[in-house]
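J.: In this text, residue positions in the sequence shown follow the working numbering: the first is 10, and each later residue adds one.
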Amino acid sequence: GSLLANEQGLFFLAGDGQGPAQLRFYSLEAREAKKVADRIGAYALSADGKKLLLQQGQDYYIADAKAETQLGDKLPLDQMELRIDPPTEWAQMFRDGWRILRDWFYDAGMHGNDWEAVYSRYAALLPHVGSRTDLDYLFGEIAGEMNAGHIYVNRGDEPAIERKTGGLLGAEFSRDESGYFRFDKVFQGITGMAVYRAPLDQPGSRVKAGEYLIAVDGVDARSVRNPYQLLENKADRLVDLLVNDRPTPSGARKLRVTTLSSEQDLRYLDWIESRRAEVDRLSGGRIGYVHLPNTAIEGNRELVRQLWPQINKDALIIDDRYNGGGFIPDRMIETLARKPLNYWSRRGLQPQATPFISHPGPKVMLINGLSSSGGDALPYYFRKLGLGKLIGTRTWGGLIGISGNPGLADGGQLLASTFRFLDTDNRWAVENEGVAPDIEVIDYPHLIGAGQDPSLEKAVEVLLEELAQQPPREVIAPPAPSDFR
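Dropping the structure here:
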């Protein structure tokens with residue numbers, strides 16, 4: 010932790026929590042705090058309280074445990090060696106992992122397991138553990154005895170594998186009969202958002218579908234079997250492209266772009282926009298569409314980014330399908346549940362609501378079996394607040410959570426579920442059950458592959474029916490007062 014003590018006083022880190030801090034020492038005798046060292050990322054105190062281990066950036070130092078200490082020379086970590094007997098370490102970590110679940114799992118009764126018997130059963134296999142991966146397998150089996158979600162096994166000290174990451178351009182290709190590669194699709198990004206940076210959709214470096222890739226860094230595209238050979242080991246690097254609207258080097262233009270290491274975010278953005286366009290087409294522009302990838306940072310970002318420009322739509326589809334969870338989505342559901350408290354009239358403009366991000370119209374939420382964790386909680390809250398119907402299939406069923414626990418000796422982890430969902434009637438709910446839809450619609454793979462989206466289509470149908478039964482109320486400011494006699 011950031012607070013450690015010896016016989017003379019207390020050591021603590023002072024900072025904003027966003028980076029390296031100043032280590033200070035509070036003397037019990039002098040009753041005052043003084044600086045120990047600056048730019049400290051982490052520190053530890055020896056067992057006898059006489060020495061400090063200090064981290065500054067990538068460097069480590071040992072110093073006397075006192076105010077205004079001298080750091081001296083950094084530790085030569087490249088010369089340090091540690092002798093480890095793997096079977097002994099594995100046995101220690103096996104017992105530590107078993108103890109972590111015993112002491113940190115939310116239910117002291119261990120879901121009815123005789124925990125000593127569980128230890129004995131799996132400890133018998135320890136002599137047969139031949140690798141760190143084998144130990145992780147045992148941890149997985151022990152975790153499975155709990156019949157609970159959110160128990161994670163994170164690997165520890167295993168051989169590092171050097172990987173060569175290929176560069177990506179955010180595009181799909183096909184080979185032309187000329188031997189060059191045609192850009193069949195160029196993914197669009199969002200200017201100013203690094204997460205949605207599209208290499209071929211930048212000012213001065215825009216490429217259109219139907220154009221041709223002629224060369225990369227001077228290597229003719231005809232010399233390789235696929236375009237990715239030209240981008241080997243060039244992830245997140247500047248490359249020079251020759252691009253032309255005809256399959257020939259003559260008249261080609263030169264572009265300098267920074268490649269990607271992954272196209273996942275661009276493809277996700279493309280999927281969102283295709284869903285929104287389909288909703289727009291089916292509803293005649295009356296219904297908005299918002300997809301939430303998770304309930305963590307990205308999900309909160311996408312909620313605001315997508316909802317803001319669609320807040321004046323007559324109805325909303327909130328797509329929780331494939332929501333990977335994250336935080337408990339109390340702020341997200343509060344945003345979706347907002348109703349206008351009043352309106353403000355301005356000259357020449359339509360009256361504007363407070364809160365600005367508030368929507369009085371009908372809503373539905375789409376769910377499926379990959380709506381998980383926070384993605385389970387969001388539709389539960391949506392139904393609890395009566396915001397609209399749930400459409401799709403039953404959610405994953407994982408409302409039991411983690412909040413951290415001690416790790417293992419080699420840096421691995423066995424994370425225990427430390428809390429579980431309880432409804433307002435004092436009943437266990439959702440965990441191992443999921444949230445069932447009001448209207449079941451199965452998105453069969455053959456329909457998705459054919460370009461259909463059954464859940465989305467049903468959502469539009471339901472909302473159009475609701476709008477027909479209860480048309481949106483038009484907000485009109487009356488004539489301004491003029492008689493003040």
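Beta carbons are placed, not taken as given, at the ideal position from N, Cα and C, and that holds for glycine.
Between arginine 184 and glutamate 220, what straight-line distance do the alpha-carbon atoms span, to the nearest angstrom?
T.: Residue mapping note: residue 184 aligns to position 175 of the sequence shown, counting from 1. Residue mapping note: residue 220 aligns to position 211 of the sequence shown, counting from 1. Those two C-alpha atoms are separated by around 12 Å.
J.: Does DSSP put isoleucine 342 in a helix, in a strand, or in coil?
T.: Your numbering for residue 342 matches position 333 in the sequence shown. Note: isoleucine 342 maps to helix in three-state DSSP.
J.: Secondary structure at phenylalanine 103, three-state DSSP: helix, strand or coil?
T.: Taking the sequence shown and counting its residues from 1, one reaches residue 103 at position 94. Phenylalanine 103: helix per DSSP, three-state reduction.
J.: Would you give the residue range spanned by the beta strand (DSSP E) that leucine 222 belongs to?
T.: Start at 1 with the first residue of the sequence shown, and residue 222 comes out as number 213. That run of the beta strand (DSSP E) goes 221–225.
J.: With 16 other CB atoms within 10 Å as the buried threshold, where does arginine 355 fall?
T.: Locating residue 355 in the sequence shown gives position 346, where the first residue counts as 1. Exposed: under 16 other Cβ atoms inside 10 Å.
J.: When we look at the beta-carbon of histidine 368 and count the other beta-carbons within 10 Å, is it buried (16 or more) or exposed?
T.: Sequence index remark: in the sequence shown, residue 368 carries index 359 (1-based). Histidine 368 comes out buried.
J.: For the alpha helix (DSSP H) holding tryptophan 405, just list the boundary residues, first then last.
T.: On the sequence shown, position 396 is the one that residue 405 refers to. Segment: none, tryptophan 405 is in no alpha helix (DSSP H) and carries neither H nor E.
J.: Count the other C-beta atoms from every protein chain shown that fall within 10 angstroms of the C-beta of methionine 202, then say buried if there are 16 or more, exposed otherwise.
T.: Stepping through the sequence shown from its first residue, residue 202 is reached at position 193. Label assigned to methionine 202: exposed.
J.: Using 7 Å as the cut-off, classify the Cβ of alanine 14 as near or not near the heavy atoms of the ligand GTP, replying yes or no.
T.: This structure does not include the ligand GTP; it has no bound ligands of any sort.
J.: Between Leu473, Asp452, Asn441, which lies nearest to asparagine 156 when the distance is taken from Cα to Cα?
T.: Taking the first residue of the sequence shown as 1, we reach residue 156 at position 147. Of the candidates Leu473, Asp452, Asn441, the one whose C-alpha sits nearest the C-alpha of asparagine 156 is Asn441.
J.: When you compare each of Leu84, Ala100, Asp68, Leu110 to proline 415 by their alpha carbons, which one comes out closest?
T.: Start at 1 with the first residue of the sequence shown, and residue 415 comes out as number 406. The shortest Cα separation from proline 415 among Leu84, Ala100, Asp68, Leu110 belongs to Leu110.
J.: Does threonine 533 pass the burial test, meaning 16 or more other C-beta atoms within 10 Å, or should it be called exposed?
T.: Residue 533 falls outside the range modelled here, since the chain spans only 10 to 494, and no answer is possible.
J.: Taking the C-alpha atoms as reference points, what is the distance between valine 8 and proline 463?
T.: Here the chain comprises residues numbered 10 to 494, so residue 8 is not present and cannot be evaluated.
J.: Note down the Cα distance separating glycine 407 from leucine 465, rounded to an integer number of angstroms.
T.: Against the sequence shown, residue 407 aligns to sequence position 398. Against the sequence shown, residue 465 aligns to sequence position 456. Roughly 24 Å separates the two Cα atoms.
J.: CB leucine 301 to CB aspartate 329, shorter than 8 Å?
T.: Here residue 301 refers to the residue found at position 292 of the sequence shown. Here residue 329 refers to the residue found at position 320 of the sequence shown. Yes.
J.: Could you tell me whether the Cβ atoms of leucine 177 and threonine 268 are closer together than 8 Å?
T.: As a first step, residue 177 is located in the sequence shown; it is residue number 168 there, counting from the start. As a first step, residue 268 is located in the sequence shown; it is residue number 259 there, counting from the start. Yes, they are a contact pair.
J.: For the candidate residues Ile281, Thr200, Leu62, whose alpha-carbon lies nearest to that of glycine 81?
T.: Residue 81 sits at position 72 when you count from the first residue of the sequence shown. Of Ile281, Thr200, Leu62, the residue nearest in Cα terms is Leu62.
J.: So for lysine 43, helix, strand or coil by DSSP?
T.: For the purposes of this step, residue 43 is taken as the residue at position 34 of the sequence shown. Three-state DSSP puts lysine 43 in a strand.
J.: Suppose the cutoff is 8 Å on Cβ atoms and the five residues either side in sequence are ignored; what does the same chain contact list for arginine 246 look like?
T.: Looking up residue 246 in the sequence shown gives position 237. Cβ neighbours of arginine 246 beyond the five flanking positions: Gly176, Thr267, Thr268.
J.: Can you tell me the Cβ-Cβ gap for threonine 304 and glycine 384, rounded? I've got them flagged as a contact below 8 Å.
T.: One-based indexing of the sequence shown puts residue 304 at position 295. One-based indexing of the sequence shown puts residue 384 at position 375. Correct: roughly 6 Å between the Cβ atoms.
J.: How is serine 183 classed by DSSP in three states: helix, strand or coil?
T.: Here residue 183 refers to the residue found at position 174 of the sequence shown. The answer is strand: DSSP assigns serine 183 an E or B state.
J.: So the alpha helix (DSSP H) aspartate 143 belongs to, where does it begin and stop?
T.: The count along the sequence shown starts at 1 and reaches residue 143 at position 134. That run of the alpha helix (DSSP H) goes 141–153.
J.: Within this structure, are the beta carbons of isoleucine 537 and leucine 387 separated by less than 8 Å?
T.: There is no way to answer for residue 537, as the model of the chain reaches only from 10 to 494.
J.: Between which two residues does the beta strand (DSSP E) carrying lysine 322 extend?
T.: As a first step, residue 322 is located in the sequence shown; it is residue number 313 there, counting from the start. Run containing lysine 322: none; DSSP gives neither H nor E here.
J.: Could you name the residues of the same chain whose beta carbon sits closer than 7 Å to that of asparagine 15, not counting the 5 residues immediately before and after it, in chain order?
T.: In the sequence shown, counting from the first residue as 1, residue 15 sits at position 6. If we look at asparagine 15 and ignore the five residues flanking it on each side, its Cβ neighbours are Leu54, Gly58, Ala74.
J.: Check the Cβ-Cβ distances between lysine 43 and every residue of chain D, and say whether any is below 8 Å.
T.: Among the chains in the structure shown there is no chain D, since it carries only a single protein chain.
J.: Which one of Asp289, Tyr277, Ala224, Arg290 has the shortest CA to CA distance from arginine 262?
T.: Here residue 262 refers to the residue found at position 253 of the sequence shown. Selected option, being the one with the closest Cα: Ala224.
J.: So, under 8 Å CB-CB, glutamate 470 and proline 371 are touching, yes? Tell me the CB distance rounded to an integer number of Å.
T.: Here residue 470 is taken as the residue at index 461 of the sequence shown, counted from 1. Here residue 371 is taken as the residue at index 362 of the sequence shown, counted from 1. With 8 Å as the limit, glutamate 470 and proline 371 do not qualify as a contact, their Cβ atoms being about 12 Å apart.
J.: In chain order, what residues of the same chain have a beta carbon less than 6 Å from the beta carbon of histidine 120, not counting five sequence neighbours either side?
T.: As a first step, residue 120 is located in the sequence shown; it is residue number 111 there, counting from the start. Taken in chain order, the residues that qualify are Met155, Asn156.
J.: For proline 43, is the classification buried or exposed, using 16 other Cβ atoms within 10 angstroms of its Cβ as the cut-off for buried?
T.: Along the sequence shown, read from residue 1 onward, the residue named residue 43 stands at position 34. Just to set this straight, residue 43 is lysine in the shown sequence, not proline. By the 10 Å Cβ count, lysine 43 comes out exposed.
J.: Is the segment 188–208 close to the segment 264–283, with three or more CB pairs under 8 Å?
T.: Yes, they touch.
J.: Going by C-alpha to C-alpha distance, which of Gly66, Arg40, Leu37, Ser36 sits closest to glycine 50?
T.: For the purposes of this step, residue 50 is identified with residue 41 of the sequence shown, where counting begins at 1. That would be Gly66, whose Cα lies nearest to the Cα of glycine 50.
J.: With distances taken Cα to Cα, identify the nearest neighbour of glutamine 79 among Leu32, Asn122, Phe103.
T.: The sequence position of residue 79 within the sequence shown is 70, counting from 1. When only C-alpha atoms are compared, the closest one is Leu32.
J.: Using CA coordinates, which residue listed in Asp432, Gln319, Ser292, Lys393 is at the minimum distance from alanine 346?
T.: The sequence position of residue 346 within the sequence shown is 337, counting from 1. For the residues Asp432, Gln319, Ser292, Lys393, the minimum Cα distance to alanine 346 belongs to Lys393.
J.: Locate the alpha helix (DSSP H) running through lysine 263, then write down its first and last residues.
T.: On the sequence shown, position 254 is the one that residue 263 refers to. Lysine 263 -> not in any alpha helix (DSSP H); beta strand (DSSP E) instead, spanning 262–267.
J.: Taking DSSP as the reference, what is the three-state secondary structure of aspartate 497?
T.: In the structure displayed, the chain extends from 10 to 494; residue 497 sits before or after that span and is not available.
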